[in-house]
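What follows is a set of notes on a single structure, which appears directly below.
Residue numbers (UniProt numbering): 1 to 245.
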C-alpha cells in the first residue's frame, strides 16, 4: 500500500508554491528618498517596446500577447506568487521578444522561461519547472524550459531586475496621507497594474506613471476622494522624475 507521502510525490511543486512565504516590507527602504530617486533613474534602462508586435515579418500578434500574458497572470494568481513576479515576467518577455524572433508555437515556452526567472528573482520560493510544465498541459518539456531560460538570460545580457509599477506603489504610499486603509489601496492598485500589464498600450509606459494612475484610481474607487488629495504627492513625484531624468 502506498503511503501518504508517496501519493503526494508529484504535487510537491504546487504545494510548495502555495505555502511560499512572502518577503516583509522594509520601511527603511521605502521611506528613503534616495531609493525613489534611484528607481526613477533605473526605470528607463529596462523599459520594453512593442516593436515586435508591429514588424511585418513577426509571427506574434497583439492578440497572442494578450492571451499568453493573461495565462501568466492566472498561473501567478493560482500559485499565490508575489505581485512583482508577474510584472517582472511580462517585462522580461517583452524585452526578449524584442531581441529574438520566435514562432507563435514557442510563445508559451518563452513565457514559462520568464515566469521561472521572475519567480527566482522576486520571491522566496520559485515556481518549479515541473509545475510550469503541468500548467501548459505538457505542451512544453522541462528540458525546453531549461534551454529557453538560458536563451532569455543570454539575450537580455543578465539584465533581469526591472523596476516595476508595484515597486513605485510601495514607495509612494509611504508619502500619501489618505483616509482609506493603505493595504486596501495597494491591493486595488496591484490589480489595476496587473490588468494593465496584459495590454499592449502600456508596454512602453514608465512604471512610475502607471503606479501614479493606479493609486489614484484605487483611492477614488475606495474612498471617492478628490484628486486634490493626491496633488502634493504627484507634484513631488513629477518634480523628482524631471530632476533625475
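Ideal Cβ placement from N, Cα and C applies to all residues, glycine included.
- request: For the segment 185 to 198 and the segment 149 to 162, state whether three or more C-beta atom pairs, one from each stretch, are separated by less than 8 Å.
  value: no
message: On the CB-based measure, 16 or more other CB atoms within 10 Å of its CB, does residue 91 come out buried or exposed?
response: buried
- request: Return helix, strand or coil for residue 138, following the three-state DSSP convention.
  value: coil
- request: Would you decide whether residue 211 is buried or exposed? Buried here means 16 or more other CB atoms lie within 10 Å of its CB.
  value: buried
field: Where residue 106 sits in the DSSP three-state scheme
entry: helix
- prompt: In whole angstroms, what is the alpha-carbon distance linking residue 182 and residue 171?
  reply: 12 Å
task: Specify, as a first and last residue, the run of the alpha helix (DSSP H) that residue 185 falls within.
output: 182 to 197
query: How long is the line joining the alpha carbons of residue 111 and residue 123, rounded to whole angstroms?
result: 17 Å
field: residue 74, DSSP secondary structure in three states
entry: helix
query: Quick one: what's got a C-beta closer than 7 Å to residue 196's C-beta in the same chain, skipping five residues either side?
result: 202, 210
- prompt: Looking at the structure shown, is residue 51 part of a helix, part of a strand, or coil, going by DSSP?
  reply: helix
message: For residue 43, which residues in the same chain have their Cβ closer than 7 Å to its Cβ, ignoring the five residues on either side in sequence?
response: 163, 206, 207, 208
query: Excluding the five sequence neighbours on either side, which residues of its own chain have a C-beta within less than 7 Å of the C-beta of residue 121, listed in chain order?
result: 88, 160, 161
- prompt: Between 105, 95, 80, which lies nearest to residue 114 when the distance is taken from Cα to Cα?
  reply: 95
field: Own chain, CB closer than 7 Å to residue 144, minus 5 neighbours either side, in chain order
entry: 109
- request: Assuming residue 47 contacts residue 204 (C-beta within less than 8 Å), just tell me the rounded distance between them.
  value: 6 Å
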